[in-house]
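Chemist:
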Amino acid sequence: MDRIEQPDRSDHASRSEQPDQPDHAGRLEQSDRPDHASRSEQPDRPDHASRLEQSDRPDRVDRSGQPEPAAPAGGSGGAGAAGWRDATRVVHAGEPAATPGAPFRAGPVLAAPYHLAAEGPDGADAYGRTDNPTVRALEAAIGELEGGEAVAFASGMAAITGLLLATLTAGDTVLLPSDGYFKVREFAGTVLANRGVTVHTVPTSGPYELAELAPRLVLLETPANPGLAVCDIAEVAAASRDLGAVLAVDNTTATPLGQRPLALGADVVVASGTKALTGHSDLVLGYVATADPRLAGRLRDWRAMTGAICGPFEAWLAHRSLATLELRLARQEANAAAVVEFLAGRPEVTGLRWPGLDPLARRQLTRLPGLVTFELAGEAAATAFLRATKLVANATSFGGLHSSADRRAQFGDPVPAGLIRLSVGCEDPADLIDDLRAGLGGG
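Residue numbers for the sequence shown follow full-length UniProt numbering, so the first one is 1 and each next one is one higher.
#1: At what residues does the beta strand (DSSP E) containing E375 begin and finish?
#2: Report the option in R89, Y114, R346 whose CA atom is closest to the CA atom of G442.
#3: How about V230 and Q332: do their beta carbons lie closer than 8 angstroms?
#4: Short check: CB of R408 to CB of T383, under 8 angstroms?
#5: According to the Cβ coordinates, are P215 and T173 closer than 8 angstroms?
#6: If we ignore side chains and look at the alpha-carbon of each, how far apart do T350 and L295 end up?
#7: How about the region 384-402 and the region 410-425: do they share at least three Cβ pairs that are nearer than 8 angstroms?
#8: Considering only residues of the same chain and omitting the five flanking positions on each side of L210, which have a CB-CB separation below 6 angstroms?
#9: If you draw a straight line from the C-alpha of A13 to the C-alpha of G412, how long is it?
#10: If you drop the 5 nearest sequence neighbours on each side, which residues of the same chain put their C-beta closer than 8 angstroms to that of L213?
#11: Identify every residue that forms a DSSP beta bridge with E209.
#12: Hey, out of G273, L360, V288, V236, whose CA is closest to D282's CA?
#13: DSSP three-state label for A417, please.
#14: Terminal residues of the continuous beta strand (DSSP E) containing E149?
#15: Under 8 angstroms, do Y114 and A124 count as touching if we go by C-beta distance?
#16: Going residue by residue through the region 80-159, where are the continuous beta strand (DSSP E) segments of at least 3 residues, counting only ones entirely within it?
#17: What does the Cβ neighbour count give for N194, buried or exposed, with the cut at 16 atoms within 10 Å?
#18: Considering only DSSP beta bridges, list what S404 is partnered with.
#19: Our contact map puts D179 next to G227 with C-beta atoms below 8 angstroms; I'd like the distance itself, whole angstroms only.
#20: Please go through the same chain and pick out, in chain order, the residues whose beta-carbon is closer than 6 angstroms to the beta-carbon of residue 452, but skip the five residues on each side of it.
#21: Across the region 315-334 and the region 126-140, are there enough close Cβ pairs to call them in contact, namely three or more that are closer than 8 angstroms?
#22: Closest to T324 by CA distance: which of R85, G83, W84, V91 is it?
#23: Rounded to a whole number of angstroms, what is the C-alpha to C-alpha distance between A344 and A159?
#24: Once the 5 residues before and after D250 are set aside, which same chain residues still bring their CB inside 6 angstroms of it?
#25: Would you check if the distance between the CB atom of E146 and the CB atom of P256 is smaller than 8 angstroms?
#26: Have a look at the DSSP bridge pairing and note the partners of Y287.
#27: Going by the beta-carbon positions, is the gap between T130 and A304 smaller than 8 angstroms?
#28: Between the C-alpha atoms of E95 and R105, what's the straight-line distance to the nearest angstrom?
#29: Any heavy atom of the ligand PLP inside 7 angstroms of the beta-carbon of P215?
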């Protein structure tokens, strides 16, 4: 394991089934710190008083009294929550009860201030930086799919930095993936280190020597971006639980239809909704989901104080896009399998990676993502490939309907200069393979 250096702190004291989510009562609780009131005992949209005081910061996720989320729908046919399968769940997630004369889904509520009663908000919406009905509808939908309470943020980075800053304080230790999204490590090595947090990193594949590090929070990114390494979430969850550490899983590459971290024992899920979750390359947002209502409440308070809420139009677009998630993932998985078979036969391609080639990923994931990485001879070869493709766009990000690729080393990822991250979209697979063949020089 590697440690990210920080300033001196001497002055600071089966692919179709996953197991049910274990009960981790008291995981964010500490006997010498006052309890937060349960969200179920508070007004729907409470006054954001100073609920993030460090003296009131619980240490462990509290799942006491929370219903067990349903196990995920298995691959191509198992019944999920309410007996519905995945294709049905994503179409109807977050929908209100049917009302005669009402639309299936309301349009976005675009508002900054709201009308107030003379006595004050009394739990109603008051200001757009705090909450919004359209954002709540999206959160309800994501919460149904992840199996917890969701809090939407303006971006994936806003979500993950909000989680880190609302959870960690001086003297804490955090363990991050050394091969995950590099901006998270960059944030930790600067902002968190300057706040007195000790930062360690470990490859996604491990080993996870948690006992010697005693971390307060462990963050996994599996499959990792861009290298697509995986780890056993349930195994790390058990080790984290034994130490009282909080386990968070970045679920961006898998989506809640591909992987249910909360059902595997994680305390928190964090993800970018910009990518495969919404898949149309037309919005930026992120979210955190947890089975602990008090942690969700603290994250809402953090979001309100920092102004990190997503916009209502982005939330509406995201909710609309969720309905096609199962269709998109099925096509992307099939296309990725065809692309991987083609690339495996090309002599100029090395280091081919796809979760479908990994036995652990095939056991842990209920669907395989359309994300593939491979290496060419170097920067010049990778640049020539990106210049030659016509259907595969030269663009960063992944998970969209449109196939795209980028050379990750140019953005700061510690990867070989010729590594290509290929996001396989929903085009006809024969056309994609023809385009890739042209990019590789024909033949």
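All C-beta atoms, glycine included, are put in the ideal place defined by N, C-alpha and C.
Modeler: So, from the listed chains and residues:
#1: Walking along the sequence shown from the start, residue 375 turns up at place 375. Taken as a continuous stretch (DSSP letters only), the beta strand (DSSP E) holding E375 covers 371-375.
#2: In the sequence shown, counting from the first residue as 1, residue 442 sits at position 442. Out of R89, Y114, R346, R346 has the C-alpha closest to the C-alpha of G442.
#3: Position 230 of the sequence shown, counted from the start, is the residue given in the question as residue 230. Position 332 of the sequence shown, counted from the start, is the residue given in the question as residue 332. For V230 and Q332, no; Cβs fall outside 8 angstroms.
#4: Position 408 of the sequence shown holds residue 408. Position 383 of the sequence shown holds residue 383. The answer is no: Cβ separation not under 8 angstroms.
#5: The residue you call residue 215 lines up with position 215 of the sequence shown. The residue you call residue 173 lines up with position 173 of the sequence shown. Contact: yes.
#6: Position 350 of the sequence shown, counted from the start, is the residue given in the question as residue 350. Position 295 of the sequence shown, counted from the start, is the residue given in the question as residue 295. Roughly 44 angstroms separates the two Cα atoms.
#7: These segments touch.
#8: The residue given as residue 210 occupies position 210 in the sequence shown. A239, L243.
#9: By one-based count along the sequence shown, residue 13 stands at place 13. By one-based count along the sequence shown, residue 412 stands at place 412. Residue placement at A13 is poorly supported in this model, since its pLDDT is 38, which falls under 50; the coordinates are not used for a value here.
#10: Position 213 of the sequence shown, counted from the first residue, corresponds to residue 213. Around L213: M1, T173, L175, H200.
#11: The sequence position of residue 209 within the sequence shown is 209, counting from 1. Answer is none; E209 lacks a bridge partner.
#12: For this step, residue 282 is matched to residue 282 along the sequence shown. When only C-alpha atoms are compared, the closest one is G273.
#13: For the purposes of this step, residue 417 is taken as the residue at position 417 of the sequence shown. Note: A417 maps to coil in three-state DSSP.
#14: Here residue 149 refers to the residue found at position 149 of the sequence shown. Note, E149: beta strand (DSSP E), 149-153.
#15: For the purposes of this step, residue 114 is taken as the residue at position 114 of the sequence shown. For the purposes of this step, residue 124 is taken as the residue at position 124 of the sequence shown. In this structure, A124 lies closer than 8 angstroms to Y114 by Cβ.
#16: If we require 3 residues or more, the beta strand (DSSP E) runs fully inside the region 80-159 come out as 149-153.
#17: In the sequence shown, the residue the question calls residue 194 occupies position 194. N194 should be labelled exposed.
#18: Working through the sequence shown from its first residue, we reach residue 404 at position 404. Paired residue(s): A393, S423.
#19: The residue labelled residue 179 in the question sits at position 179 within the sequence shown. The residue labelled residue 227 in the question sits at position 227 within the sequence shown. Contact flag correct, Cβ pair sits at about 5 angstroms.
#20: Since the displayed the chain opens at 1 and closes at 443, residue 452 lies outside it and no answer follows.
#21: Because the criterion of three Cβ pairs below 8 angstroms is met, the region 315-334 and the region 126-140 touch.
#22: If you number the sequence shown from 1, residue 324 lands on position 324. Checking every option, the nearest Cα to that of T324 belongs to V91.
#23: Position 344 of the sequence shown holds residue 344. Position 159 of the sequence shown holds residue 159. Distance between the alpha carbons of A344 and A159 is about 36 angstroms.
#24: Sequence index remark: in the sequence shown, residue 250 carries index 250 (1-based). Excluding residues within five positions, the ones whose Cβ falls inside 6 angstroms are E221, V270.
#25: Your numbering for residue 146 matches position 146 in the sequence shown. Your numbering for residue 256 matches position 256 in the sequence shown. Yes, the Cβ-Cβ distance between E146 and P256 is below 8 angstroms.
#26: Residue numbering aside, residue 287 sits at position 287 when the sequence shown is read from its first letter. A152, A271, per the DSSP bridge assignment.
#27: Along the sequence shown, read from residue 1 onward, the residue named residue 130 stands at position 130. Along the sequence shown, read from residue 1 onward, the residue named residue 304 stands at position 304. Cβ atoms of T130 and A304: closer than 8 angstroms.
#28: On the sequence shown, residue 95 is found 95 positions in, with the first residue counted as 1. On the sequence shown, residue 105 is found 105 positions in, with the first residue counted as 1. Going from the Cα of E95 to the Cα of R105 covers about 7 angstroms.
#29: This structure simply doesn't include the ligand PLP, nor any ligand for that matter.
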